[in-house]
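Below is one structure, written out as structure tokens; comments come after it.
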Amino acid sequence: MELSPQVGQLEKLEQLDLDQTQIMGLPIDIGKLLCLRHLRVSFYPICGKNKSKWKILIHPETLSNLSQLTDLSIEVDPADKRWDDSVEVVVKEVCNLKSLRSLSLYIPEFQLLEYMSSLYPSLSRFRFTVGRIRRRIISRVPQEVESEFRNWDKSFKFVNGENIPIEIKGVLRCSDSFFLDRHATATNLWTEFGIENMLRLKFCLLAECDQMRTIIDEEMHCEGNENDLSESNAKNVLGSLEYLSIYYMENLRTICRGPTRYGCMSKLKFLGLHSCPQLSIVFSLSLLENLINLEELILEDCPLVTTLVSDTSVKPMMSYEFLPSLKRLLLLYLPQLVTISNGGSSGDVYSNRGQQPQKFLAMASDKKENSHDDSKKKLMRKEIERNRRQEMASLYSSLRSLLPLECIKGKRSKSDHLNGAISYIKDLQKRIEKLSARRDELKRLYSNIDQGSSNESSPSNVVVRQSLDGLQVVVIINTGLGAQALSLSRVLRLLLEDGLNVVSCISTRIDGGLVHTIQCEANNMKSVDVHIPGLLEHKLHEEISSLTQISPPPYV
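Here is the structure:
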């Protein structure tokens, strides 16, 4: 979509929302909208002939002129090189907007945050994505979870980072929700991001940080000193966090390492752990005592987990109310799970409905009786997995059968084939768009010629135009008039007689008539000089007149 430069004439315009419209670029005339207060745009990556027209995504000084702007949202394709060329200028101009209160930006380089250090603390809403985003076929994090992350007033996503610079910590200090995606070196949140930078954090989403081994590492700080576990330090340990969700962490061993401070994660309402193959310890007793507000716990695909609660041999479970607010517990695909409490039968889990306390389940003492059931469950899981793999193989085979040979020839991985399928689908979409545009053009051409010759009631009309490869001849035949029409074979014979080679001929039926589009090229340069479009068109009109006795239009 292209935005007309005439939009600059709307001098009183206060709100311009182009979200999800995917425009090619912003015309410089946007800078004339001095009353504009809300601006939201989504840019579409350009290709083909549009590259030369839209070289600049946002012209310099466009945003700096919008002094009344309070809400700005810019969405771009991470692969669009034009944004790399524009982002620094955009960031600098945005920092000069004194009225700005809401900002959404993709910032590929964290160094640009230095310009914004005095801006984002004053914003009431922001959504920042920092780091180079690489295209992926499938996201490991469900879309609904990412949507929930974005719903917070101040959301911050840090993707593909290799270190943790001070600029990142500065934004984190002001954020309500934080999404750490595919960080290369971080081993825990506390010591590396700084717990003092997460005092206001309420939503935390972690995905594919392969070096992370724990979320909170108190072991190096406490060293058995009970004074460090006092209530005075509770505010420093994720005391505001309400939602924690973790996906595909290869080396995560435990949530909290070492003795847990009083009040640590005491406001947590949701905890989800998904596909953590090395996770072995879920809760320590000291952490479990703090989770008085936990309402939902999901533990999925963690094959080394044998028990949810550990450390009973170190500190016996007393008669505490553990997880008094718990409403929903999901334990999925945990093949080694044998007990929830590690044998601590004196601990109680209270429901939030005033019912009698429910004892922690202890299954380890009954292993022999349940061994047969365990075997049946394992066989069932294997059967489910086998069926899933067969279904995926069938779908993959169906996909291969739909792809052209050039997309599947040679030794390629499944991911390569999927990438090829995506490219092929996008190419088909572009070709469909071109054909649709061509169809509309032919309809319009047929309508114009039909109106221009309605008085003559000619059953045939011809239009000849110059093309890049030669000439394009459009023959429109109205079979409903009953008069003798110029046949397609006659047109082709005339073209061959004049030294033109027919490259292609496409026939389309429109409104009871036929439209023949013939692409021709000349045998030699002499033919190109002689057979100019006007001369050939006049000659074909003379042929029509000989059939219908209608005078051809004069040749100019």
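Take the sequence shown: its position 20, counting from 1, is numbered 20 in the UniProt record's numbering, and each next residue is one higher.
From the three backbone atoms N, C-alpha and C, an ideal C-beta is built for every residue, glycine too.
Since the model is a prediction, treat every value here as computed from it, not as a measurement.
Worksheet item: What does a CB cutoff of less than 7 Å around THR187 pick up in its chain, not counting 5 residues either side in sequence?
Response: GLN211, MET212 and ARG213
Item to complete: Give the range of the alpha helix (DSSP H) segment to which GLU296 is assigned.
Response: No alpha helix (DSSP H) holds GLU296; the beta strand (DSSP E) holding it covers 296-300.
Fill in: SER489, DSSP secondary structure in three states
helix
Worksheet item: Nearest to GLY272 by alpha carbon, out of GLN278, THR254, TYR243 and LEU252?
Response: TYR243
Practice prompt. State the Cα-Cα distance for the pair ILE168 and LEU3, rounded to the nearest angstrom.
Written response: 35 Å
Worksheet entry | Delimiting residues of the alpha helix (DSSP H) encompassing residue 577 | This structure cannot speak to residue 577, because the chain is shown only from 1 to 556.
Worksheet entry | Three-state class that DSSP yields for HIS38 in the structure shown | strand
Item to complete: State the Cα-Cα distance for the pair GLU250 and SER467, rounded to the nearest angstrom.
Response: 58 Å
Worksheet item: Ordered along the chain, which non-local residues of its own chain (more than five positions away) have a Cβ less than 7 Å from that of ARG173?
Response: ASN197
Item to complete: Could you check the C-alpha separation between GLU88 and TYR120 for me, to the nearest Å?
Response: 16 Å
Item to complete: For the alpha helix (DSSP H) holding ASP84, just list the boundary residues, first then last.
Response: 81-94
Item to complete: On a CA-only basis, which of GLY170, LEU540 and LEU18 is nearest LEU112? Give me that one, please.
Response: GLY170
Item to complete: Would you mind giving the Cβ-Cβ distance between GLU215 and LEU189, rounded to the nearest angstrom? I have them listed as a contact below 8 Å.
Response: Looking at the sequence itself, residue 215 is Ile, so the reference to Glu does not match. So it is a contact: roughly 5 Å between Cβ atoms.
Item to complete: Could you tell me if THR21 is buried or exposed, where buried requires 16 or more neighbouring beta carbons within 10 angstroms of its beta carbon?
Response: exposed
Discussion item. Residues in the same chain with beta-carbon distance under 7 Å from LEU13, minus the five sequence neighbours each way, listed in chain order, please.
Written reply: LEU33, CYS35 and LEU36
Worksheet item: To which residues of the same chain is CYS264 closer than 6 Å at the C-beta, ignoring the five residues directly before and after it?
Response: VAL237 and ASN290
Worksheet item: Leaving out five residues before and five after ILE23 in sequence, what residues of the same chain have Cβ atoms less than 8 Å from its Cβ?
Response: MET1, GLU2, LEU3, VAL41, SER42, PHE43 and TYR44
Worksheet item: Roughly how many angstroms separate the alpha carbons of GLY258 and LEU332, rounded to a whole number?
Response: 27 Å
Practice prompt. Please report the Cβ distance between GLY131 and PHE158, rounded to the nearest whole angstrom; I am assuming they are in contact, meaning their Cβ atoms lie under 8 Å.
Written response: 6 Å
Worksheet item: So ARG127 is in the alpha helix (DSSP H); what residue range does that whole segment cover?
Response: Not the alpha helix (DSSP H): ARG127 falls in the beta strand (DSSP E), residues 125-130.
Worksheet item: Excluding sequence positions up to five away, which residues of its chain have a Cβ less than 7 Å from the Cβ of GLY354?
Response: Its pLDDT being 40, under 50, GLY354 is placed unreliably in this model, and the value from its coordinates should be taken loosely. None.
Discussion item. Once the 5 residues before and after LEU297 are set aside, which same chain residues still bring their CB inside 6 Å of it?
Written reply: LEU271 and LEU329
Practice prompt. Taking LEU26 and ILE58 to be in contact with their CB atoms under 8 Å, please state how far apart those CB atoms are, rounded to whole angstroms.
Written response: 5 Å
Discussion item. Which residue wins for smallest C-alpha separation from SER284, given the options LEU379, CYS276, SER275 and LEU323?
Written reply: LEU323
Discussion item. Can you find the residues in the same chain that come closer than 6 Å, C-beta to C-beta, to VAL282, ignoring five residues on each side of it along the sequence?
Written reply: LEU308
Discussion item. Suppose you measure from the CA of GLU148 to the CA of LEU10; what does that come to, to the nearest Å?
Written reply: 36 Å
Worksheet item: Going along the chain, which residues of its own chain have a beta-carbon closer than 6 Å to the beta-carbon of PRO335, five neighbours each way excluded?
Response: PRO303
Practice prompt. Spatial neighbours of HIS417 within its chain, please: CB distance less than 8 Å, with the 5 preceding and 5 following residues excluded, ordered by chain position.
Written response: TYR396, LEU399, ARG400, LEU403, CYS407 and ILE408
Practice prompt. Ignore the nearest five residues each way along the sequence and tell me which others in ALA184's own chain have a CB closer than 6 Å to its CB.
Written response: GLU162
Worksheet item: Relative to the alpha-carbon of VAL145, which residue among GLU114, PHE179, ARG134 and LYS154 has its alpha-carbon at the smallest distance?
Response: PHE179
Worksheet item: Looking only at C-alpha atoms, which of GLN15, ASP17, GLY31 and ASP19 sits nearest to GLN6?
Response: GLY31
Worksheet item: In or out: GLU218 buried (at least 16 other Cβ within 10 Å) or exposed?
Response: buried
Worksheet item: Can the beta-carbon of LEU287 be found less than 8 Å from the beta-carbon of ILE246?
Response: no
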